[in-house]
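Numbering (my numbering), first residue to last: 39 to 206.
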């Protein structure tokens with residue numbers, strides 16, 4: 039197994055069922071529920087020096103999902119252009135997430151997740167099996183959809199283990 043496959047497998051293993059589209063809905067709802075329970079002060083909490091605030095983490099989910107959507111769209115449409123990777127820390131450092139309201143971030147998350155659900159639900163099986171190259175690695179459209187879900191669950195786990203216990 040390549041390092042890339044090991045890397046993505048850790049996310050895919052977090053998806054609780056084989057119905058990844060249903061889990062996309064579930065993880066989105068769980069994310070909204072958790073973040074809706076925060077006030078502005080709590081949303082600015084970071085569990086350690088150099089770690090993202092909860093607002094930055096939420097915008098990281100949004101940014102990553104948008105990038106994954108774009109990759110999936112290009113590959114679903116049989117575009118063979120190799121796509122670049124992205125630096126998540128650079129994105130977070132330049133996001134100005136902490137200057138936004140939590141309501142605004144949650145609304146953007148809802149919209150982005152809804153577009154992911156509609157997009158992936160309406161792809162034919164043939165498009166889901168299309169592959170392309172992103173960040174130097176070949177990946178299928180379906181795997182990108184699954185990564186959106188697994189990545190979301192990965193960060194929910196971090197929120198539940200490292201952030202929420204410190205906010206009580």
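C-beta: ideal position from N, C-alpha, C; glycine also. If you're wondering where the values come from, they're calculated on a predicted model, not measured in any experiment.
The criterion of a C-beta distance shorter than 7 Å is satisfied by residue 94 and residue 135. Taking a C-beta distance under 7 Å as the contact criterion, residue 101 and residue 147 do not qualify as a contact pair. Looking at the backbone, the Cα of residue 48 and that of residue 111 are separated by about 23 Å.
As the crow flies, the alpha-carbon of residue 189 is around 8 Å from that of residue 99. Between residue 73 and residue 96, the C-beta gap is smaller than 7 Å, which places the two residues in contact. Here DSSP, grouped into helix, strand and coil, assigns residue 175 to strand.
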